[in-house]
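Structure record follows, encoded as structure tokens.
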Amino acid sequence: MTDTPKSGPDSMEAPNRTAVTAFVLLGFTEHPKLRPLLAILFFALFLLMHLVTLSGHLAIVVVTLADPALDTPMYFFLRNLSSIEICYTLVIVPKMLANFLAMSRLISLTECAAQMYFFISLGGAECFLLAVMSYDRYVAICNPLRYTLIMNRPFCLQLLAAACASGFALSLGLTALIFRLPFCRSHEINHFFCDIPPVLYLACSDTRTDEVAVFLVCTSILLVPFLLILASYALITNTILRIRSAQGRRKAFSTCAAHLVVAVLHYGCAIFIYIRPKASYDLEKDKVVSLIYTNVTPMLYPMIYSLRNKEVKGALGRLWVRTVASGRS
């Protein structure tokens, strides 16, 4: 190899490769003639969805804190899941909404790295917490007589801390790995936030080692908890099928149905995006899937939990009655 630099963006000199200070988030409205109208429509739609999402999760947090009947391990984990979802959407959606109306869609390198770090951290913490919740359901159904002894408050706090620490620790290594790469193809990120695939796509060095590392980290965050959830539900299903009473089987399954639906939605989208090689990326399709798991599924979670859960609906009703009564007094 000679010292004379070749032409083209993929062979820029090393100083130019590392001189990136900002990216441009292209988002969804690349066509200039359609951009103003689409931007306003998208802003209104996703602002409404964001407000619904925040309201739903805040309602779960408030009602599980306020109602003594929901002072159980299951609702302790549900409250923390909703808290993570609130932070998770706040990392992505406000910037996305601002970019719909902004003339400039610049995001600094530091801001991009921070957004990716907290997005992966909170998403990873949610993955591990969903696995913890499946274990909670396993103990409740398969070992009910020892449930309160096993799932005591200190142990629940330890499980929550382990889930959050795992997500934040793995995210730190993965984010540092990606942002040590030189970027020289373009400064335009074909996405609405700093996600792993579109940022990795801009790297101009050999990323095969980085792709393997990303795959291993994503496998740890996604596949390992998902396999634990499948194992838990295999044991739960076996126990439920041995219950003689049809009413007993329905009651046992109803306590797991909402969590199972949420887990399938969360892991299905995330595995599709992250557990595959760089060569198979389709950034346009990936944006649509990302839009679903960052905006649509977080909005659905409170509905899934509240509509299928009589205890949550009852607690919401009691909280509403107390609020109205205190307002009149």
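Using UniProt numbering, count along the sequence shown one by one with no gaps and you end on 329.
Here a beta-carbon is modelled for each residue, glycine too, at the ideal position from N, C-alpha and C.
Just so it is clear, the structure is predicted and the values come from calculations on it, not from any experiment.
Residues sharing a beta bridge with residue i, DSSP
| i | result |
| --- | --- |
| S108 | A22 |
| residue 334 | No answer is possible for residue 334: it lies beyond the span of the chain, which begins at 1 and ends at 329. |
| A203 | F183 |
| L188 | Here the sequence assigns Glu to residue 188, which means Leu is not the residue at that position. Its beta-bridge partners are V24. |
Within 8 Å, strictly: CB atoms of residue i and residue j
| i | j | result |
| --- | --- | --- |
| I275 | L223 | yes |
| I120 | L174 | yes |
| Y135 | S232 | yes |
| Y88 | P298 | yes |
| V132 | A161 | no |
| R137 | I236 | yes |
| P182 | S205 | yes |
| T294 | I92 | yes |
| L109 | F43 | no |
| P198 | L283 | yes |
| A257 | I243 | no |
| A69 | T255 | no |
| I240 | L130 | no |
| N99 | F23 | no |
Residue i versus the options, residue with shortest Cα-Cα distance
| i | options | result |
| --- | --- | --- |
| T209 | H191, L228 and R180 | R180 |
| C194 | Y117, E211 and C127 | Y117 |
| L149 | T72, I229, V24 and S171 | T72 |
| C127 | F168, A102, L109 and F155 | F168 |
| L177 | K251, V212, T237 and V61 | V212 |
| C269 | I292, F28 and T239 | I292 |
| L51 | E311, V296 and L316 | V296 |
| R79 | I60, F42 and L145 | I60 |
| I196 | I273, G317, G27 and L97 | I273 |
| T21 | E111, P94 and I141 | E111 |
| K95 | L25, A263, L230 and P198 | L25 |
| P225 | A263, I240, I189 and L319 | A263 |
| L170 | I40, Y75, F215 and F76 | F215 |
| L319 | C156, F23 and V62 | V62 |
| E311 | E188, L265 and Y75 | Y75 |
| S104 | A315, C218, A39 and L172 | A39 |
| R322 | A234, A114, F192 and D67 | D67 |
| R153 | C184, L172, F77 and S245 | F77 |
| F28 | N143, L316, L260 and E188 | E188 |
| K287 | L159, N190, L90 and L45 | N190 |
| L260 | G317, L316, C184 and A234 | A234 |
| C142 | N238, L300 and L172 | N238 |
| L265 | K285, S290 and R249 | S290 |
| A114 | C156, L316, L172 and L157 | L172 |
| G317 | F155, T64 and L157 | T64 |
| V217 | F155, M151, G248 and I271 | I271 |
| residue 330 | C184, L200 and L227 | The first residue shown for the chain is 1 and the last is 329, placing residue 330 beyond what the model contains. |
| Are the segment 291-311 and the segment 54-63 touching, with three or more C-beta to C-beta distances below 8 Å? | Touching, per the Cβ criterion.
| Does the segment 76-85 come within contact of the segment 123-135, defined as at least 3 CB pairs closer than 8 Å? | Put simply, the segment 76-85 touches the segment 123-135. At least three CB pairs are less than 8 Å apart.
| request: Mind listing, in chain order, the continuous alpha helix (DSSP H) runs of no fewer than 4 residues lying wholly within the segment 67-133? | output: As far as the segment 67-133 is concerned, its whole alpha helix (DSSP H) runs of at least 4 residues are 73-101.
| Which runs of the alpha helix (DSSP H), 4 residues or longer, sit entirely within the segment 212-290? | The segment 212-290 contains these whole alpha helix (DSSP H) runs: 224-241 and 246-274.
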